[in-house]
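Take 632 as the starting number for the sequence shown in this note's numbering and just add one per residue.
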Amino acid sequence: MIVTMKKVAIVCLDVDRDRTLARLRALGVLHVTPVQAPAGGDVDAARKTLESVRAALALLPPADDALPTGLTDEATLALADTVHALVARRRDLDQQIGQLVVARQAQAPFGDFDPDQARVLRDHGVRLRLYQFPTKGPVPAVPAGASLTVLGTTAGTTSAVLVGPEAATLAAREVALPEQSLRSLDEEIDAGRRECAGLEVELANLTPTRPALQALATRLEDELQLLEARAGMGSRARLAWITGFCPEPAISAVEAAAAHGQWALSVTTPSAHDQVPTQLASKPWVRQIHAVLDMIGITPGYGEPDVSPVFLLFLVLFAAMLIGDAGYGALILLGTWFARRKWRQAPAQPFHLLRSVGIATMAWGTLTGTWFALPHLPAALDALRLEWLAGSDKLLTTRHVMLLCFFLGAAHITLAHLWAAARCGRRPAALAQLGWIATTWCMFFVAKTMVLGDAFPAWMLPVTIAGIAAIVLFMTPPRQLKDEWFNHVMLPLNLVSNFVDVVSYLRLFAVGTAGVAVAAAFNGMAAKVGAGGGMGLVGAALIAVFGHTLNLVLCAMGVLVHGVRLNTLEFSAHLGLQWSGVPYRPLRQRAGGQPAAATATTNRRTNGLGGM
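Here it is as structure tokens:
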């Protein structure tokens, strides 16, 4: 559910501004909305410093071992400086090495020689010129008193050197004399690569400092939030005020703080024009889906429904069908267990979600009889197969899975319209939602007819006509018809889009089947390589491990692309959910210690850190 918010305005004496903010941060419940745009030297400097620390964190690889905490903010900021300097130097070296490699490739056909000696010859009246001309065709005429030596042929181009008097030239493309020899280029390239390797080692040695950088970033975020809240306050004469939103259950704490601090307090219900932040208060078993919402950066609007439970259930089901292999589900569970033991301090929600996906994938793979795409299963596993999904007739099985995909699509979309109808209450618009449900199931039967060859039921035609009539009559209130008439013009396209949405759930079958086919192909390759025994078995094992690892990565990408899409686009569009929310971020202090030290350092470093 979405927590009810109240709009809060607090007025205090301007001299008590900092004390008021400190008290509000200690409460940790007020989502601040600035009265004016927060800006100024301190705010800008804090933003730059925070961006620099975040960038240093992004540049460092993950750390398995952490240095003992206790580094000062000065030392940690110096670490960030070092990271930026190392990465900047590596970037410059990569560019220089690239230029040297290009120069070497252009010079390589002429071999290794000392350009300085060629310049000495020129001073004595002998000119050395480099030429390239097509191999097919006549050799250019050599001027009198000159000598042409062919050095080699590469990709249909002949490289040659002409030695002779200053005026001697060839009717061919002349290549400028290089500035240095191939040996010198090779030495510079090797030196640059050695330095790059040394920089990589230095960066790797800094990875254990990530916890210190992360802790500093958290403190800087807290301090920046406080600085922005202060700069965003309104003021006039000797008064200052701050506005924001507070969860309704926490209003009593704000009222008590206002009485203690002698603030003037206003608590009102937000209007339709306010941009109210969204705080999700889900049950423990639902919170695991918040990891996905945070990862893709979406939040339902304050006035929109919280679809977290439905999102979770269908995402887990879709993930199971997209991955489709019980063996992969077992690997997901095992990997989640090891990862959780290794990173005990990490948030628990992603691990809970992976565990749910692993269990569901094992269940789906067991029902379809798919274990690492093996053609033959032990009798105990084979007995668990569901004949309707994994029968001996492949075409019949395919038909059933496709039918299930169409049914899931229609059911998913139906749930969205039922939810939308319930939100309409007793308004006529609810009848339009019921009309959309009728047309959705019409599209289900149309998909069955077009894809599976089933006959379209005669009774569905009057139901569809009644559904379209309900949409036309009730989709737009009469008083809004003048402004929203285009909805009726777009109705035919929306009906076609409804059909496309139902059919789009067929991706569950397509991606899942493709994954099984890829796994089976690698199994076949491994079986052929290992048929001879000996080292062939080692090769077969490597092929199998590589193939299934690659396929598992592709399956994960499929879940992120297709499983998430069906919830955030198809389902949400039919529900009318636009994910337009602003996350609830109250003014609070998350980091421990004395964050004022971070602020002092930020104020001193007004130009940010190196590399920014």
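Virtual Cβ for every residue (Gly too), placed ideally from N, Cα, C.
Which residue's Cα is closest to the Cα of Ser-772: Val-751, Leu-1046, Ala-799? Position 141 of the sequence shown, counted from the start, is the residue given in the question as residue 772. For the sequence presented, residue 772 should be read as Ala rather than Ser. Considering only alpha carbons, the answer is Ala-799.
Note the first and the last residue of the continuous beta strand (DSSP E) segment covering Ala-640. Numbered from 1 along the sequence shown, position 9 holds the residue referred to as residue 640. Run containing Ala-640: 636-644, per the beta strand (DSSP E) assignment.
Could you pull out every unbroken alpha helix (DSSP H) segment of at least 4 residues lying fully inside the stretch 938-962, listed in chain order? 939-954
C-beta atoms of Asp-1132 and Ala-1204 nearer than 9 Å: Counting from one through the sequence shown, the residue named residue 1132 turns up at place 501. Counting from one through the sequence shown, the residue named residue 1204 turns up at place 573. Against a cut-off of 9 Å, the Cβ pair of Ala-1204 and Asp-1132 comes out as a contact.
Taking only the alpha-carbon atoms, compute the straight-line gap between Pro-839 and Val-923 and give it to the nearest angstrom. Within the sequence shown, numbered from 1, the residue matching residue 839 stands at position 208. Within the sequence shown, numbered from 1, the residue matching residue 923 stands at position 292. Each residue's alpha carbon lies about 28 Å from the other.
Where does the unbroken alpha helix (DSSP H) through Trp-995 begin, and where does it stop? Residue 995 sits at position 364 when you count from the first residue of the sequence shown. First-last of the alpha helix (DSSP H) with Trp-995: 980-999.
Does the separation of the CB atoms of Cys-877 and Lys-637 fall below 9 Å? The residue labelled residue 877 in the question sits at position 246 within the sequence shown. The residue labelled residue 637 in the question sits at position 6 within the sequence shown. Yes, Cβ-Cβ distance for Cys-877 and Lys-637 is below 9 Å.
Give the single residue among Thr-707, Pro-809, Ala-706, Ala-777 whose Cα lies nearest to the Cα of Ser-745. Position 114 of the sequence shown, counted from the start, is the residue given in the question as residue 745. As written in the sequence, residue 745 is Asp, which differs from the Ser given in the question. Nearest of Thr-707, Pro-809, Ala-706, Ala-777 to Asp-745, Cα basis: Pro-809.
Quick check: Ala-1021 and Leu-1062, are their CB atoms within less than 9 Å of each other? Here residue 1021 refers to the residue found at position 390 of the sequence shown. Here residue 1062 refers to the residue found at position 431 of the sequence shown. Their beta carbons are not under 9 Å apart, which means Ala-1021 does not touch Leu-1062 by this criterion.
Expressed to the nearest angstrom, what Euclidean distance is found between the alpha-carbon atoms of Asp-675 and Gln-667? By one-based count along the sequence shown, residue 675 stands at place 44. By one-based count along the sequence shown, residue 667 stands at place 36. One Cα belongs to Asp-675, the other to Gln-667, and the distance between them is close to 15 Å.
Return the residue from the list Gln-976, Phe-969, Ile-820 that minimises the CA-CA distance to Arg-986. Sequence index remark: in the sequence shown, residue 986 carries index 355 (1-based). Ranking Gln-976, Phe-969, Ile-820 by Cα distance to Arg-986 puts Phe-969 first.
Ranges of the beta strand (DSSP E) found wholly within the stretch 805-863, counting only runs of at least 3: none
So the candidates are Arg-861, Arg-760, Ala-979, Met-632; which of them puts its Cα closest to the Cα of Gln-594? Any question about residue 594 goes unanswered here, given that the chain covers just 632 to 1243.
What do you reckon, are the CB atoms on Leu-946 and Gly-1146 nearer than 9 Å? Sequence index remark: in the sequence shown, residue 946 carries index 315 (1-based). Sequence index remark: in the sequence shown, residue 1146 carries index 515 (1-based). Going by C-beta atoms, Leu-946 is not nearer than 9 Å to Gly-1146.
Between which two residues does the alpha helix (DSSP H) carrying Leu-1083 extend? Locating residue 1083 in the sequence shown gives position 452, where the first residue counts as 1. Here Leu-1083 belongs to no alpha helix (DSSP H), and DSSP marks it neither H nor E.
In chain order, what residues of the same chain lie with their CB nearer than 8 Å to the CB of Ala-1150, ignoring the 5 residues before and after it? Position 519 of the sequence shown, counted from the start, is the residue given in the question as residue 1150. Exclusion of the five residues before and after Ala-1150 leaves Asp-956, Phe-1003, Ala-1004, Gly-1178, His-1179, Asn-1182 as the residues of its chain whose Cβ lies within less than 8 Å of its Cβ.
Could you work out which residue in Ile-954, Asp-647, Met-864, Leu-688 is closest to Leu-1185 when comparing CA atoms only? Taking the sequence shown and counting its residues from 1, one reaches residue 1185 at position 554. Answer by Cα proximity: Ile-954.
Taking Cβ to Cβ, would you say Leu-702 is nearer than 9 Å to Leu-690? On the sequence shown, residue 702 is found 71 positions in, with the first residue counted as 1. On the sequence shown, residue 690 is found 59 positions in, with the first residue counted as 1. It is not a contact, given that the beta carbons lie outside the stated cut-off.
With DSSP as the reference, label Leu-779 as helix, strand or coil. By one-based count along the sequence shown, residue 779 stands at place 148. Looking at Leu-779 - three-state DSSP - the assignment turns out to be strand.
Are the beta-carbon atoms belonging to Pro-1108 and Val-663 less than 9 Å from one another? Locating residue 1108 in the sequence shown gives position 477, counting from the first residue. Locating residue 663 in the sequence shown gives position 32, counting from the first residue. No, Cβ-Cβ distance for Pro-1108 and Val-663 is not below 9 Å.
Apart from the five residues on each side of it in sequence, which residues of its chain come closer than 7 Å, Cβ to Cβ, to Arg-971? As a working mapping, residue 971 is identified with position 340 in the sequence shown. Closer than 7 Å at Cβ, skipping near neighbours: Phe-982.
Quick one: give me the first and last residue of the beta strand (DSSP E) that Trp-872 is part of. Counted from its first residue, the sequence shown places residue 872 at position 241. Taken as a continuous stretch (DSSP letters only), the beta strand (DSSP E) holding Trp-872 covers 870-878.
Between which two residues does the beta strand (DSSP E) carrying Glu-865 extend? Reading the sequence shown from its first residue, position 234 is the one you call residue 865. First, the amino acid is wrong: residue 865 is Gly here, not Glu. Gly-865 -> beta strand (DSSP E) spans 865-867.
Does the separation of the CB atoms of Pro-1068 and His-1048 fall below 9 Å? By 1-based counting over the sequence shown, the position of residue 1068 is 437. By 1-based counting over the sequence shown, the position of residue 1048 is 417. Contrary to the premise, residue 1068 reads as Ile rather than Pro in this sequence. Taking 9 Å as the Cβ cut-off, Ile-1068 and His-1048 qualify as a contacting pair.
Quick one, are the C-beta atoms of Tyr-933 and Ile-633 less than 9 Å apart? The residue you call residue 933 lines up with position 302 of the sequence shown. The residue you call residue 633 lines up with position 2 of the sequence shown. Taking 9 Å as the Cβ cut-off, Tyr-933 and Ile-633 qualify as a contacting pair.
Range of the contiguous alpha helix (DSSP H) that encloses Gly-787: On the sequence shown, position 156 is the one that residue 787 refers to. Element bounds for Gly-787: n/a, residue is neither H nor E.
Residue ranges of each alpha helix (DSSP H) run of no fewer than 4 residues wholly in the stretch 1013-1058, ordered along the chain? 1018-1021, 1025-1055
Taking 9 Å as the CB-CB cut-off, is Gly-955 touching chain C? No chain C is part of this structure, which consists of one protein chain only.
Please list the terminal residues of the continuous alpha helix (DSSP H) segment that includes Phe-1130. Along the sequence shown, one-based indexing puts residue 1130 at 499. Unbroken alpha helix (DSSP H) run through Phe-1130: 1122-1135.
Assign Ser-790 to buried or exposed, taking buried as 16 or more other Cβ atoms, counted over all protein chains shown, within 10 Å of its Cβ. On the sequence shown, position 159 is the one that residue 790 refers to. Label assigned to Ser-790: buried.
Helix or strand or just coil, what does DSSP make of Thr-899? Here the question's residue 899 lines up with position 268 in the sequence shown. Thr-899 falls in the strand class under three-state DSSP.
Where does the unbroken beta strand (DSSP E) through Phe-764 begin, and where does it stop? As a position in the sequence shown, residue 764 is number 133, starting the count at 1. First-last of the beta strand (DSSP E) with Phe-764: 758-765.
Buried/exposed call for Ser-683, threshold 16 Cβ in 10 Å: Residue mapping note: residue 683 aligns to position 52 of the sequence shown, counting from 1. Burial call: buried.
Could you name the residues of the same chain whose beta carbon sits closer than 7 Å to that of Gln-811, not counting the 5 residues immediately before and after it, in chain order? Within the sequence shown, residue 811 is the residue found at index 180, counting from 1. These residues qualify, in order along the chain: Pro-746.
Where Ala-807 and Leu-830 are concerned, what is the direct C-alpha to C-alpha distance, given to the nearest angstrom? The residue you call residue 807 lines up with position 176 of the sequence shown. The residue you call residue 830 lines up with position 199 of the sequence shown. CA-CA distance, Ala-807 to Leu-830, rounds to 35 Å.
Quick check on this structure: which residue in Ser-897, Gly-1066, Met-952, Cys-643 has the alpha carbon closest to the alpha carbon of Arg-861? Mapped onto the sequence shown, residue 861 falls at position 230. If we check each option's Cα against that of Arg-861, Cys-643 comes out closest.
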